[in-house]
Structure formats: structure tokens, C-alpha cells
Amino acid sequence: MKKLLLFLSLPLTFFGCVDRTFDEPPVKELVIPFQANASIDQIKQFYVAGKVTDINQDLYIIGTIIADDKSGNFYKQIIVQDSTGGVVIKIDRIGLYAKFPQGSKVGIKCKGLSISDYGGLIQIGKGSAVVNGKTQLAFIPDSEADGFVFPGARNQVVVPKVVSINSLKTSDLSTLVQLDQVEFDRSDVGKTIATPGGGSFIDLNLTDCNKAKILLHTSDFADFAAYRTPTFNGTIVAVLGKFNSNIQLYLRDTSEIKFTQAPCNGGGGSAELATISTIRKLYSGTTTTVDKNYYIRGVVISDKMAGNVNAQNLVLQDATGGITLRFTATHSYSLGAEIEVNVFNQELSEFRGLLQVNNVPVSNATLSSTGISVTPKVININEITNNFDQYESTLVRINGVNLTKSGDATYASNVLATDNSGSINLFTNTKATFAGDNFPVAVCDLIVIVSEFDTKQILLRNLNDVITMASNPELRPLSDIRKIYKDSITKISADYYVRATVISDRSASNVPAANMVIQDGSAGITVRFTATHAYNLGDQVEINVRGLELSTFNGLLQLNNVPAGAAHFISSGNTITPRVLTAAEIVGNLSQYEGQLVLIQNATITKSAGNTYSSACIVTDASGTIELFTRTQASFASAVIPTTAVNITAIVTQFNKPQIMIRNTDDVKP
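In the numbering used here, the protein residues as written are 693 to 1362.
What follows is the structure, encoded as C-alpha cells:
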């Protein structure tokens, strides 16, 4: 279950991430230059719900930092606790742990700061800011932080308060607590605590032996996002927070999860993860019951939205194989969903020759994540028919296919698919959204699910599975494609394709591995594939955009969830001449130049903290300024920015504000 992020975490985007490698300051005895004359609880008395209140009295508090931003589970904040309570301190700086590490004393000069809340959790910052039309507490500016927040002695120990879920109080918020005899909800056992690289967060349920529950809220940017929840019961130490009515825990490190005891809630954690191939091997040739407490985990490779599968069916695949599931009612799992399904006491049987797990209660399945792609295995038709049990209910790709049919030329019902090794029936349900579309008369590639209905057959998921540039689509400039977008997720229904040059450089890693930026003579756009692509800077590509999604990510327009088969390599070594623009022209005409290569002349690059390209820098020319953003994963992130005026070739982009990004350091020249 996901909810609005309480401890704000930077969204993963085309060019955004958090670099958490910072130089440690020299080891020395740190002395806070004042004595405390107030407690955290006394400072909290200034708080007025829903308002930003300035603190105008000469008040000083001293506490211990119980959480910093080193793990990535907290962002631009430290959590400070004294003997009376705890509070969040918002500071507009990345890498706070270098100066304000967990376990160190910290002094805060409160006069000049402000107090408010986020989702009901009291926080201290400075002043107010309008975000998405709403006034909220602003961060203490990086440049001013050292005048308000003072580091002190390190290696201080804060003993967590031992509490039960039902005994938690408001006064415990933003303090370190310990819960004993708790475990993860059985539906959350075995899941990753967050989604590595997902750019968001996950909430999981913890429960105690009295069935009281509390959420564990974890950012996808946490170093421990890939940690899988244990089956057992035990002790957890965490920071207590809240968002509106939801009380939540925030981990500092997974070492503070010590679950070693048997679970208390009925021992439900005894289910064993089995591979799909293991489940298939249990089938005896006649109706079989799964007699072991197994569950399976896989990715949904069927597309219920396109209607080519029954609403109660889905096809699930893991690394070992695939299988069809038939539920007792309509399910809600979309193409690309990763789910877990308890198959204990479920029926294994064949329907018209197709092996399936039958009569599965919908409640037996739980969603783990979404947007997962499965790479189809490239094989020919002869390999399918000769090794059918191996490939049944899996995703495969067949290249060089001719489609023929007696009567009309639509996909509906039975179409004969033939390659140079043999033929197989391509079946499409007459209720499928594409059943009435004409199939291509030219050779095409197919991505299909291997299936059976008395005879061997293959199934399309949707028309993105038919890959051809010979189906007579219409070439359109990127400017026309951009105009199709209607300020919300828009599907391209027309049979168009684009031809453009890749202007991003995947080898320098300043773009995610699934992203690229392309430009033609009219415009540019970001392309986000469903998986890692192999296109290099200067490659000319063609992309069939029919059925693709146009959507924005933090303001950036992109072709989203593009299957690999929709794109085709044309040539390499192509160049795009950058358009000479000023910073002001880019900022003032962002939608016009977004996704294009530009040249800003006689500009300087500066940074508020540090001297490398990593994260945000400011580019200034005679007309104004614009942010230059570099991913921390970029190969040149640690390179030192120039101190003299330079000419900058860059791609225009945005992340809720105008930005530019360079491809590599060759883009910055004297």
C-alpha cells in the first residue's frame, strides 16, 4: 500500500537521483557554542496546526540526532530528540550526515526559524513556500543552515523507548522507539521493503500478537530498498512518524530488524516460495492438488486491458517458466504486475490441453510491484512446436513471420503464422480490442504468449506485439507527436512512426538505462522503454508510435513504456547541430525547446556547495540562469566544473522546473 510520502524523497527521473557520497569533515572535538534554555517540547508549544509560525524568542535547544540522510530513507532532514521529545529539522542540503551524523549532539538556535507540520508531523524550518498552490513550511536554506544548526559531540547513544503498537502516544512522534514481538503481515512476507530504483516508496504492515498494526514506510531511494521482509517475529527499532491519520515507522537500517522467533499470527509465514517450473512438475497428467504450502511469484505477461484473455485468467511467468491462472472471479492485475499467489490446495488441471492453476480465489494473490517487463525469448516456430511444454505460457519472439487468413484480413479468430521453420495458429479472441484490425501483409516480428486450445497456438497481448515498419504507417515529425498530448496520459491511436537521432549518451550514464532523448528537424522528446535499450549517441532510429503512451514525468513530456520491438536501428554516426540560445530563451520557451540540443555561449557554471558536476549546478549567461543537472551515476559526476566562461552544449529538460543536462564533458568547451 502506497501513500503520500511523509519524509520527502527525490523522485527518480530521467536525470534525477541523490548522491550520498560526501567527504567526512576532519575529526575534532565539536563544541556547541551555547547552552540549552528550552526543550524540544517547549518549542513545540509554538506550533499552530495548519500554520507556519515564526519563532521570535532567543531560545536554544540541544538534542541528539537519531536519524540522518545517509541511508537515503530520509531526505534533506535530520531527526533530533532530547529528553522531552523529538522533532524534524528541514535543511535544504544533500548529505547532511557528513556534518550532522546520526548519534551526534546538535544545537539549534530557534530565533529566526519557523515551526509547522507536514501531514500533522511537527517540523522546524525557515519561513514558508508555496508548493503546488499550497503554503507550507520551507527548508532552512543551505547557505543559512550553519547559522542555526551547530554540530556537537559524536557517538552519543539514544536508547529507544520500548512500547507496544497500542501504547504509542503523540509525544513519541519523531523519537526512537522499539517494538517487540512484531512481524510483517503475512501478505507482506517476502516482499522487498521498497522498490529499488522505483522513485517512490512502499508502505508495509507490521502487526503484533494482539493483531494491532502499524505501517513501515520506506523510500525507494533507501540503500536497503532491496531487503526482503522476513517470515519471523521479533524486535524492530525505528523512528516514529505520521502522515495525517497514519502512524508510521521509518527505518534507519535493516540491522535494526531482529526477527528470529516463530510468527505469532497462526504461523502463516510457513509458506515456501516455489518456482513456476516446480509447480508445473507437480501435474500428474490428471487433475492434481498442490499438497504443499507453496506460493509462486512472477510477472503478469497477459494484457487484460486488450481483452485477448478471459477476465478471470492471467498468464504468469518467472525465470523458470510460465503458467496460466484461472481465478474464481475477475482479477485486477495488469500487464507487467509482479504478484505472489498462494497455490496450496489449489487444483492443477488442463483445459483443452492448456495447463493451469484452476479456481484460484482472488484473495490468494497479492500485488508486489508494477511496471515489470519480461524479455521474450527469441525462437522459431519449429522450436515452439517441438518443445511445447517448455515454452507453454511464456513470452517468446518470432522473427520474420508472414500472416495469412482465408476470408478477411483481420486478427479475429484464427490467423496462420509462418516463418522459415514452420507454421502455427495465431488466435485472437473476437472480443479483443484489436480483433477487427487488419494484420500486416508484409513480413513482421511477433511477440506472443505460447498457448493451447486443443492444438498449439500463440496469442498476442496487444498490437505493440506486432513489429513491422512495412505496414505502411505514416512518417510524422516529432513536433506533431508532441501536439497529440492532451495534458493527461494520452494514447496515440494513429498509425504513425517517427525517424530521429539519439542525442543522449547512454555510455556516460547521465540518463537511466531505459531512457533516451531523440530529435529530428522539428522537435525532440524523451523516450522511456520498458527495459534497458542499446541505442547510442548519434544512432538514427525509427519508432512506431501507434498505441504508445504520451505522458509527463514531473513536467517532462515523454513517450512512455515503449516496448523494445517498437524501435528499429537505421544508422549510426549522425549528428544534430545544437540551436544557439540564451538561458532566458530556454526558460521562457521551455515547451518549444524541451528535448532538443542547444548551445549556450559564454556562460559560467557555479554551485552552492562543492565543485563537481554531480547534482545541481547553475549556468549563468548574460541573459539569466538555468539549472544544469547531472546524475550522480554519470561517469563524469565527480569531474570538477570549470571556473572560467565556457560554451555549453546540452539537452533541454525539466524536473518541475527548467533544466539542461550535458551528455558528457565534451559538451563543455572554453
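All residues carry an ideal CB built from backbone N, CA and C; glycine is no exception. Keep in mind that this is a model prediction, so the values were computed, not measured.
GLY990, buried or exposed, once every other Cβ within 10 Å from all chains shown has been counted against 16
buried
Terminal residues of the continuous alpha helix (DSSP H) containing TYR1173?
This sequence places Ile at residue 1173; Tyr is not what is there. Its alpha helix (DSSP H) spans residues 1170 to 1176.
Is the region 1211 to 1228 close to the region 1259 to 1279, with three or more CB pairs under 8 Å?
Touching, per the Cβ criterion.
By the 10 Å Cβ neighbour count, where 16 or more other Cβ atoms means buried, how is GLN687 classified, buried or exposed?
Residue 687 lies beyond the range of the chain shown here (693 to 1362); nothing can be said about it.
For the beta strand (DSSP E) holding ALA1256, just list the boundary residues, first then last.
It is not in any beta strand (DSSP E) - ALA1256 carries neither H nor E in the DSSP assignment.
Entirely enclosed alpha helix (DSSP H) segments - the region 1042 to 1073, minimum 4 residues
You should have found no qualifying run.
Mind checking who MET997 pairs with in its DSSP beta bridge?
Answer is none; MET997 lacks a bridge partner.
Can you tell me whether ALA1295 is helix, strand or coil according to DSSP?
If DSSP states are grouped into helix, strand and coil, ALA1295 belongs with the strands.
Whose CA, out of GLY1045, GLY742 and ASN1037, lies closest to the CA of PRO1053?
ASN1037
Ordered along the chain, which non-local residues of its own chain (more than five positions away) have a Cβ less than 6 Å from that of LYS869?
Checking the displayed sequence, the identity of residue 869 turns out to be Val instead of Lys. So the qualifying residues of the chain are PRO852, LYS853, VAL855 and LEU932.
How many angstroms separate the CA atom of SER1065 from the CA atom of ASN847?
45 Å
Buried or exposed, going by whether 16 or more other CB atoms sit within 10 Å of the CB of ASP746?
exposed
With distances taken Cα to Cα, identify the nearest neighbour of GLN953 among ALA1276, SER775, ASP1172 and VAL874.
Among ALA1276, SER775, ASP1172 and VAL874, the Cα nearest to that of GLN953 is on VAL874.
By the 10 Å Cβ neighbour count, where 16 or more other Cβ atoms means buried, how is ARG1044 classified, buried or exposed?
exposed
With three or more C-beta pairs closer than 8 Å as the rule, is the region 1109 to 1121 touching the region 1079 to 1093?
yes
Quick check on the DSSP output: the beta strand (DSSP E) that includes ILE671 runs from which residue to which?
Any question about residue 671 goes unanswered here, given that the chain covers just 693 to 1362.
ARG972: first and last residue of the uninterrupted alpha helix (DSSP H) it sits in
968 to 973
Residue range of the unbroken alpha helix (DSSP H) whose run includes LEU1282
1282 to 1285
Contact under 8 Å by Cβ, TYR1189 with ILE1139
no
contact_flag[the region 883 to 894, the region 830 to 838] where n(CB pairs < 8 Å) is 3 or more:
no
Would you check if the distance between the CB atom of VAL1142 and the CB atom of GLU1084 is smaller than 8 Å?
yes
Cβ of THR1125 within 8 Å of Cβ of ALA1256?
8 Å or more divides the Cβ of THR1125 from the Cβ of ALA1256.
Residue interval of the beta strand (DSSP E) (run including PHE1080):
First-last for PHE1080: 1080 to 1083, but that is the alpha helix (DSSP H), not the beta strand (DSSP E).
Within this structure, are the beta carbons of THR756 and VAL841 separated by less than 8 Å?
no
Burial state of GLY817, where buried means 16 or more other Cβ atoms lie within 10 Å:
With 16 or more other CB atoms across the displayed protein chains lying within 10 angstroms of its CB, GLY817 is buried.
So, does the region 911 to 923 touch the region 762 to 780, judging by three or more C-beta pairs under 8 Å?
yes
Endpoints, alpha helix (DSSP H) assigned at ILE735:
732 to 736
Helix or strand or just coil, what does DSSP make of LEU865?
coil
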